[in-house]
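Participant: Using our numbering, the letters of the sequence shown map in sequence onto residues 84 to 310. My questions will all concern the structure given below.
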Amino acid sequence: MLALNWAYQVIRKPTEMFFPVSGVLSKTPPETWRQYGPLFRKHSTAVMTPGLLAALAQTEGAGNPVARTYWRWRLTREPFEIYRPASSAVGMYQITDGTLQAAKRYCIHNHAVVEDGPWHNMRSCWFNGLYFRVIPSHAIELTAAFLDRSVANTIARRRIAGAALQQKQDLAALIHLCGAGAGNAFAGRGFRLTAGQRCGDHDVRGYLARVNAMKRQFERLAAGEKG
C-alpha cells in the first residue's frame, strides 16, 4: 500500500521524484548568490530587486531548485489522502500549482513586467507557457514578474500614493507567503500587520524579518563583488 501511495503521489506531483537528490542541492547564502546572482540581476525589477529575489529563494528553499514541501498525515476515508505532500509547492520559491498558472501570464523584459499576448507581438512574452518552476531561471523570472505585478495591482486597487520601496517589498513577501487577499488587507492597514498574524504554519512578522535579514546579507554579498 505504501508503494502504491508513493506511485500515486508521484503521478499527481512528479517533482517528488527528485526526493533522492533534493537535500544535497540546498545552499548557503554565499553559494546561492554565487550560482544564481546573474539570474537575480537579469530578472529584477524596481520592486523585486536582486537582493529580494535572492532572499525569498533562500528563505523558502535554501536556494534548492527542487526543494520539496513536507508530507503530512490526515485522518480521512480517502486512502490516497492519508499521507501525502502538504501542498503542491515546489522549487526554491515553493511555487504552488495555482501561482504557477497565474505567473505564466507574465515575463520580464528589460527589468519590466510584460503580459502574455499574441505570438506575433515581439514585445509580448515568449514560451513562458513552457516554464518549469524547478528550472532556476524560470522560477526567478516567474516570481519576479508575478510579485511585481501583484504589488502594483494591490497599490492601484487601494489608491495608495507614495509607498516606500521597503513597504512594497514587505507587501511582495507577504503576498508570496499568504496570497493576494492578505496582501490587500495589509496594504489597507497602511502596511501594518495584525497582532500575532499567521499564514498557515508561519508567523508573518517573523517571516518578514527573516526575508529582510537575508536581503541585507545578499546586498552585502553583491557590494563585496563590486568592491
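Cβ coordinates follow ideal geometry from the N, Cα and C atoms, glycine included.
#1: Looking only at its chain, what residues have a beta carbon closer than 7 Å to the beta carbon of H194, apart from the 5 residues adjacent to it on each side?
#2: Using the Cα positions of S109 and T179, report the straight-line distance between them to the nearest angstrom.
#3: Keeping to the same chain, check which residues put their C-beta closer than 6 Å to that of T226; ignore five residues upstream and five downstream.
#4: On the DSSP letters alone, give me the boundaries of the alpha helix (DSSP H) that V294 sits inside.
#5: Which residue or residues does DSSP assign as beta-bridge partners of Y189?
#6: Taking just the CA atoms, how far does Y189 sit from H285?
#7: Less than 8 Å separating the beta-carbons of L122 and P219?
#8: Less than 7 Å between C-beta atoms, sequence neighbours within five positions excluded: which residues of the same chain meet that for A270?
#9: Just the Cα atoms here: how many angstroms apart are G266 and N147?
#10: Which whole-angstrom value is the C-beta distance of V196 and R206, which I expect to be below 8 Å?
#11: Could you tell me the distance, in whole angstroms, from the CA atom of V217 to the CA atom of A140?
Facilitator: Quick look at the numbers:
#1: S127 and T128
#2: 19 Å
#3: Only Y176 meet the Cβ criterion.
#4: V287 to K309
#5: E198
#6: 28 Å
#7: yes
#8: T237, I238, R241, I243 and L254
#9: 26 Å
#10: The Cβ separation is near 12 Å, so there is no contact.
#11: 12 Å
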